[in-house]
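Asker: The following block contains the structure, expressed as structure tokens.
Protein chains: 2
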Amino acid sequence: MSLSNKSTSSNSQDVKQVVSEQNVNQTALAGLLSSYHELNPSCVDELHEEPSALEFMRYVARNRPFVVRGAAVDWKAFLKWDAEYLLNTMGSEKINVAITPFGNADAVVFQGNIPVFIKPYETSEAFDQALGYIQQQEDSGQGQSEVKYLQTQNDNLRNEYEMLFADVPKSIPFARIALEQQHPDAVNFWLGNSHSVTSLHKDNYENVYVQIRGQKHFVLLSPVETACVNEKPLPAATYERRHTTESSGEVALSLRIDELAEKVPVAIWDPDAPDHNATPMSHLAQPLRVTLNEGDMLYLPALWYHKVSQSCGNQGYCCAVNYWYDMDFGGDFWAASKFIRDVALQTADK
Amino acid sequence: MSLSNKSTSSNSQDVKQVVSEQNVNQTALAGLLSSYHELNPSCVDELHEEPSALEFMRYVARNRPFVVRGAAVDWKAFLKWDAEYLLNTMGSEKINVAITPFGNADAVVFQGNIPVFIKPYETSEAFDQALGYIQQQEDSGQGQSEVKYLQTQNDNLRNEYEMLFADVPKSIPFARIALEQQHPDAVNFWLGNSHSVTSLHKDNYENVYVQIRGQKHFVLLSPVETACVNEKPLPAATYERRHTTESSGEVALSLRIDELAEKVPVAIWDPDAPDHNATPMSHLAQPLRVTLNEGDMLYLPALWYHKVSQSCGNQGYCCAVNYWYDMDFGGDFWAASKFIRDVALQTADK
Ligand SMILES: O=C(O)CCC(=O)C(=O)O
Ligand SMILES: O=C(O)CCC(=O)C(=O)O
Numbered sequence: 000m001s002l003s004n005k006s007t008s009s010n011s012q013d014v015k016q017v018v019s020e021q022n023v024n025q026t027a028l029a030g031l032l033s034s035y036h037e038l039n040p041s042c043v044d045e046l047h048e049e050p051s052a053l054e055f056m057r058y059v060a061r062n063r064p065f066v067v068r069g070a071a072v073d074w075k076a077f078l079k080w081d082a083e084y085l086l087n088t089m090g091s092e093k094i095n096v097a098i099t100p101f102g103n104a105d106a107v108v109f110q111g112n113i114p115v116f117i118k119p120y121e122t123s124e125a126f127d128q129a130l131g132y133i134q135q136q137e138d139s140g141q142g143q144s145e146v147k148y149l150q151t152q153n154d155n156l157r158n159e160y161e162m163l164f165a166d167v168p169k170s171i172p173f174a175r176i177a178l179e180q181q182h183p184d185a186v187n188f189w190l191g192n193s194h195s196v197t198s199l200h201k202d203n204y205e206n207v208y209v210q211i212r213g214q215k216h217f218v219l220l221s222p223v224e225t226a227c228v229n230e231k232p233l234p235a236a237t238y239e240r241r242h243t244t245e246s247s248g249e250v251a252l253s254l255r256i257d258e259l260a261e262k263v264p265v266a267i268w269d270p271d272a273p274d275h276n277a278t279p280m281s282h283l284a285q286p287l288r289v290t291l292n293e294g295d296m297l298y299l300p301a302l303w304y305h306k307v308s309q310s311c312g313n314q315g316y317c318c319a320v321n322y323w324y325d326m327d328f329g330g331d332f333w334a335a336s337k338f339i340r341d342v343a344l345q346t347a348d349k
Numbered sequence: 000m001s002l003s004n005k006s007t008s009s010n011s012q013d014v015k016q017v018v019s020e021q022n023v024n025q026t027a028l029a030g031l032l033s034s035y036h037e038l039n040p041s042c043v044d045e046l047h048e049e050p051s052a053l054e055f056m057r058y059v060a061r062n063r064p065f066v067v068r069g070a071a072v073d074w075k076a077f078l079k080w081d082a083e084y085l086l087n088t089m090g091s092e093k094i095n096v097a098i099t100p101f102g103n104a105d106a107v108v109f110q111g112n113i114p115v116f117i118k119p120y121e122t123s124e125a126f127d128q129a130l131g132y133i134q135q136q137e138d139s140g141q142g143q144s145e146v147k148y149l150q151t152q153n154d155n156l157r158n159e160y161e162m163l164f165a166d167v168p169k170s171i172p173f174a175r176i177a178l179e180q181q182h183p184d185a186v187n188f189w190l191g192n193s194h195s196v197t198s199l200h201k202d203n204y205e206n207v208y209v210q211i212r213g214q215k216h217f218v219l220l221s222p223v224e225t226a227c228v229n230e231k232p233l234p235a236a237t238y239e240r241r242h243t244t245e246s247s248g249e250v251a252l253s254l255r256i257d258e259l260a261e262k263v264p265v266a267i268w269d270p271d272a273p274d275h276n277a278t279p280m281s282h283l284a285q286p287l288r289v290t291l292n293e294g295d296m297l298y299l300p301a302l303w304y305h306k307v308s309q310s311c312g313n314q315g316y317c318c319a320v321n322y323w324y325d326m327d328f329g330g331d332f333w334a335a336s337k338f339i340r341d342v343a344l345q346t347a348d349k
């Protein structure tokens, strides 16, 4: 809200009230952040075996993440998913590939001064070709060419990658029992290299994420930290492959605004560049950082903001599996989280 | 906030903003209430046996109440606590009695136009005398004399009423296991008649409440409904017994303001008189009502507002036991509930 000095004495009272109302919401939001951080540890709990359903439910009740080190070391996937096995199993099966110029799928890019939310170019390729490309790019360190990420997030492990699904549990026992869901809503397969970064976002799901090859680096923010992430309704855009000139055979990725798409709120603050696009609250965030090594499992609670990057070791690819269980919209968690976000958005608007 | 018409054209923009900011918080609070009510049942779940620790934890996670019909029908207390047994066991043991003129302990009373928060006159009496008084008052229907309630809420069943503690479980198994607390923080004994009403308030405890004799009528409001209950910081007062005139031997209860006591926020809206002391949000409350019959158990989740009244049947007294377990201040529940209350209080201030 802009407050000029032009107010006459007759309205200075009103103007003070405007300022104080805005302050009051900001004070309440700051109080929320400080009490949350006082009452909660500043790191992710580490377990060394899977929790029981009851132990898990205690984490769900608190909406707090944990990592189970080595939870998947007995999984067939952990024992077998080397490149050779993946190639033998998937061969030249057609699969969906997300392609971006910089590994920035579902990210914010600036068109001049205007931020837009960009979705990857999606196309179909043979699995063996895509894996070869990803590994070769990792080995050569060639970040300048197109970055490919196999990450459709549409239950692809029970569909496109069905042949690999036998190598992982159909469901995660503690989550199945605690959440009373016989099957997860989606089981996703992720394969990429260190050039792909998933930008800060949240999902309406309870997420059990298991690293199979390479490492994943998670940066996590609780839903109560919504006032820190600077969500803005951005125009949506998609990468397209176009010929660089009319005559040439060369193609390059360029951006097309989806004129008809509704604007969706996107977090434009990046906890790894905290001085840019910050809100007055961003410096009060206390991001949790955790790295998953091969065989580790993360419980990422519903509505937590997460940014995810990866490193690949000598296999030239990172690969993971995750289980999305429906979150519980009952009780007060969802309604209260939405309320905090509503107040944060309207306070930022001023 | 009062908005006069005196604002000049130069500041009408600011004034509009004041109004819209206030509206915006009210809209957010109304949105919270409507999404909460859309996503949750409008009645208390009824179980017919005690839940497992895991089932209980699902209720804790949602912060939702339930009642278990007949949960205590095997308890010694349920089988034995008739007047004769109580008198034989407690005899003329001295116990603490809360005395009020109208059964209104911890309630709001008006001193002229000024609301104050009144605490009962507390004194020590022989158990047999107090019980006799309570029963006789109930039988005679004489509401006009002093009302007595045995309700110290200070773990009295493990202290003053120790001789009765053997007749109830030391802890409630599902709560002990789920909440990882070997012993409750307090176990309270309540004995009174239909003239006592406990006014709307909340506690920082997970509460398991068990009715032994008579009926209890609970009116419940979720912590997200805080904007409906009109909490106001009130001066505290206590009932005192004073001689009615200097010379007479007669005593009567009168009110003394505790000048040194800090003002504490007290809910002044009563869901049973919804048109009085209402906030602009009160009509959006959806109070849950549940009656406990003899042997029934209620899980009353932490921070829920509750108003409690009772009826006694032919025994002439109502008697109950409750277990307070520490609530979990971790996770986001406590911090988020406090935030909603902060916004509600400041919006009401305008
Ligand atoms: O692994 C990634 O790149 C992102 C994971 C993610 O966003 C999710 O599991 O929801
Ligand atoms: O039984 C009553 O009168 C009140 C009960 C109560 O407020 C409680 O258990 O916290």
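Residue numbers (numbering that gives the first Met the number 0), protein chains in the order written: chain P, 0 to 349; chain B, 0 to 349. Beta carbons are placed, not taken as given, at the ideal position from N, Cα and C, and that holds for glycine.
1. Excluding the five sequence neighbours on either side, which residues of its own chain have a C-beta within less than 7 Å of the C-beta of residue 4 of chain B, listed in chain order?
2. Determine, using beta carbons only, whether residue 35 of chain P comes closer than 8 Å to chain B.
3. Mark residue 113 of chain P as exposed unless 16 or more other C-beta atoms lie within 10 angstroms of its C-beta, in which case mark it buried.
4. Taking Cβ-Cβ distances below 8 Å as the criterion, which residues of the region 215-228 of chain P are in contact with chain B?
5. For residue 192 of chain P versus residue 315 of chain P, is the C-beta spacing smaller than 8 Å?
6. Looking only at its chain, what residues have a beta carbon closer than 7 Å to the beta carbon of residue 143 of chain B, apart from the 5 residues adjacent to it on each side?
7. Using a C-beta cutoff of 8 Å, does residue 93 of chain B count as contacting chain P?
8. Counting only beta-carbon separations shorter than 8 Å, does residue 39 of chain B have a partner in chain P?
9. Under 8 Å, Cβ to Cβ, is there at least one residue of chain P near residue 337 of chain B?
10. Tell me the residue span of the alpha helix (DSSP H) that contains residue 75 of chain B.
11. I'd like the span of the alpha helix (DSSP H) that includes residue 60 of chain B, first residue to last.
12. In the DSSP assignment, find the unbroken beta strand (DSSP E) run with residue 88 of chain P in it and report its ends.
13. Quick one: residues in its chain with C-beta nearer than 7 Å to the C-beta of residue 265 of chain B, no 5 flanking neighbours on either side, listed in chain order?
14. In chain order, what residues of the same chain have a beta carbon less than 7 Å from the beta carbon of residue 318 of chain B, not counting five sequence neighbours either side?
15. Cα-Cα, which of P/284, P/28 and P/324 is closest to residue 172 of chain P?
16. Name the chain B residues that come within less than 8 Å of residue 90 of chain P, Cβ to Cβ?
17. Would you call residue 223 of chain B buried or exposed, if buried means 16 or more other Cβ atoms sit within 10 Å of its Cβ?
18. If we ignore side chains and look at the alpha-carbon of each, how far apart do residue 159 of chain B and residue 93 of chain B end up?
19. Which runs of the alpha helix (DSSP H) spanning at least 4 residues fall entirely within the region 126-198 of chain B, listed in chain order?
20. Within 8 Å (strictly less), CB to CB, does residue 331 of chain P reach chain B?
21. Looking at residue 319 of chain P and ligand 1, is the gap between the Cβ and the nearest heavy atom below 7 Å?
22. Starting from residue 217 of chain P, follow the beta strand (DSSP E) in both directions and report where the run begins and ends.
23. Determine, using beta-carbon pairs with one atom in the region 234-250 of chain P and one in the region 287-305 of chain P, whether at least three such pairs fall under 8 Å.
24. Flag residue 215 of chain P as yes when its Cβ comes closer than 7 Å to any non-hydrogen atom of ligand 3, and as no otherwise.
25. Would you say residue 53 of chain B reaches chain P, if we count a Cβ-Cβ gap shorter than 8 Å as a contact?
26. Grab me the residues of residue 177 of chain B's own chain with a C-beta within less than 8 Å of its C-beta, minus the 5 sequence neighbours each way, in chain order.
27. Can you tell me which of the three DSSP states residue 105 of chain P falls into?
28. Report yes or no: is there a C-beta of chain P within less than 8 Å of the C-beta of residue 299 of chain B?
29. In terms of residue numbering, what span does the beta strand (DSSP E) encompassing residue 309 of chain P cover?
30. So, with DSSP's three-state summary, where would you put residue 246 of chain P?
31. Please name the residue in P/71, P/97, P/67 and P/127 whose C-alpha comes closest to that of residue 83 of chain P.
32. Using CA coordinates, which residue listed in B/276, B/260, B/259 and B/261 is at the minimum distance from residue 267 of chain B?
33. Between the region 64-75 of chain P and the region 97-111 of chain P, do at least 3 Cβ pairs fall closer than 8 Å?
34. DSSP puts residue 200 of chain P in a beta bridge; with which residues?
35. Rounded to the nearest angstrom, what separates residue 123 of chain B and residue 129 of chain B at their Cα positions?
36. For residue 94 of chain P, report the span of its beta strand (DSSP E) as first-last.
Answerer: Taking the geometry as given:
1. Within the second sequence, residue 4 of chain B is the residue found at index 5, counting from 1. Reliability of the predicted coordinates at residue 4 of chain B is poor, the pLDDT of 36 falling under 50, and the value obtained from them is presented with this limitation in mind. Answer for residue 4 of chain B: no residue qualifies.
2. Taking the first sequence and counting its residues from 1, one reaches residue 35 of chain P at position 36. Yes, contact with chain B.
3. Taking the first sequence and counting its residues from 1, the one referred to as residue 113 of chain P is at position 114. Residue 113 of chain P is exposed by the Cβ-count criterion.
4. 221, 222 and 223
5. Working through the first sequence from its first residue, we reach residue 192 of chain P at position 193. Working through the first sequence from its first residue, we reach residue 315 of chain P at position 316. Yes; because the gap between Cβ atoms is below 8 Å, this pair is in contact.
6. Position 144 of the second sequence holds residue 143 of chain B. Same-chain partners within the cutoff: there are none.
7. Start at 1 with the first residue of the second sequence, and residue 93 of chain B comes out as number 94. No, no contact with chain P.
8. Mapped onto the second sequence, residue 39 of chain B falls at position 40. Closer than 8 Å to some Cβ of chain P, the Cβ of residue 39 of chain B qualifies, so yes.
9. Within the second sequence, numbered from 1, the residue matching residue 337 of chain B stands at position 338. Output row for residue 337 of chain B: interface = yes.
10. For the purposes of this step, residue 75 of chain B is taken as the residue at position 76 of the second sequence. Unbroken alpha helix (DSSP H) run through residue 75 of chain B: 75-79.
11. For this step, residue 60 of chain B is matched to residue 61 along the second sequence. Note, residue 60 of chain B: alpha helix (DSSP H), 52-61.
12. Start at 1 with the first residue of the first sequence, and residue 88 of chain P comes out as number 89. Run containing residue 88 of chain P: none in the beta strand (DSSP E); it sits in the alpha helix (DSSP H), 82-89.
13. Locating residue 265 of chain B in the second sequence gives position 266, counting from the first residue. Contacts found: 107, 116, 230, 231 and 233.
14. Working through the second sequence from its first residue, we reach residue 318 of chain B at position 319. Closer than 7 Å at the Cβ level, and outside the excluded window around residue 318 of chain B, lie 80, 189, 190, 211, 212 and 213.
15. By one-based count along the first sequence, residue 172 of chain P stands at place 173. Residue 172 of chain P has its Cα closest to that of P/324, out of P/284, P/28 and P/324.
16. Counted from its first residue, the first sequence places residue 90 of chain P at position 91. Result: empty, since nearest Cβ-Cβ is about 44 Å, beyond 8 Å.
17. Taking the first residue of the second sequence as 1, we reach residue 223 of chain B at position 224. Buried, since its Cβ has 16 or more Cβ neighbours within 10 Å.
18. On the second sequence, residue 159 of chain B is found 160 positions in, with the first residue counted as 1. On the second sequence, residue 93 of chain B is found 94 positions in, with the first residue counted as 1. Cα to Cα, the separation comes out at about 8 Å.
19. 126-139, 161-164 and 172-178
20. Numbered from 1 along the first sequence, position 332 holds the residue referred to as residue 331 of chain P. It does: the Cβ of residue 331 of chain P has a partner Cβ on chain B nearer than 8 Å.
21. Along the first sequence, read from residue 1 onward, the residue named residue 319 of chain P stands at position 320. Yes.
22. On the first sequence, residue 217 of chain P is found 218 positions in, with the first residue counted as 1. Element bounds for residue 217 of chain P: 214-220.
23. no
24. No copy of ligand 3 appears in this structure; the ligands present are ligand 1 and ligand 2.
25. Against the second sequence, residue 53 of chain B aligns to sequence position 54. So yes, residue 53 of chain B belongs to the interface.
26. Position 178 of the second sequence holds residue 177 of chain B. Only 52, 53, 55, 56 and 59 meet the Cβ criterion.
27. Position 106 of the first sequence, counted from the first residue, corresponds to residue 105 of chain P. Of the three classes helix, strand and coil, the one that applies to residue 105 of chain P here is coil, per DSSP.
28. As a working note, residue 299 of chain B is residue 300 in the second sequence. By this cut-off, residue 299 of chain B is not an interface position.
29. Taking the first residue of the first sequence as position 1, residue 309 of chain P is located at position 310. Taken as a continuous stretch (DSSP letters only), the beta strand (DSSP E) holding residue 309 of chain P covers 304-310.
30. By one-based count along the first sequence, residue 246 of chain P stands at place 247. Of the three classes helix, strand and coil, the one that applies to residue 246 of chain P here is coil, per DSSP.
31. Here the question's residue 83 of chain P lines up with position 84 in the first sequence. For residue 83 of chain P, the nearest C-alpha among the options comes from P/127.
32. If you number the second sequence from 1, residue 267 of chain B lands on position 268. Closest option to residue 267 of chain B, Cα to Cα, is B/276.
33. no
34. Working through the first sequence from its first residue, we reach residue 200 of chain P at position 201. Paired residues: P/305.
35. Indexing the second sequence from 1 puts residue 123 of chain B at position 124. Indexing the second sequence from 1 puts residue 129 of chain B at position 130. Taking the straight line from one Cα to the other gives about 10 Å.
36. By one-based count along the first sequence, residue 94 of chain P stands at place 95. Looking at the DSSP string, the run of the beta strand (DSSP E) that includes residue 94 of chain P is 93-99.
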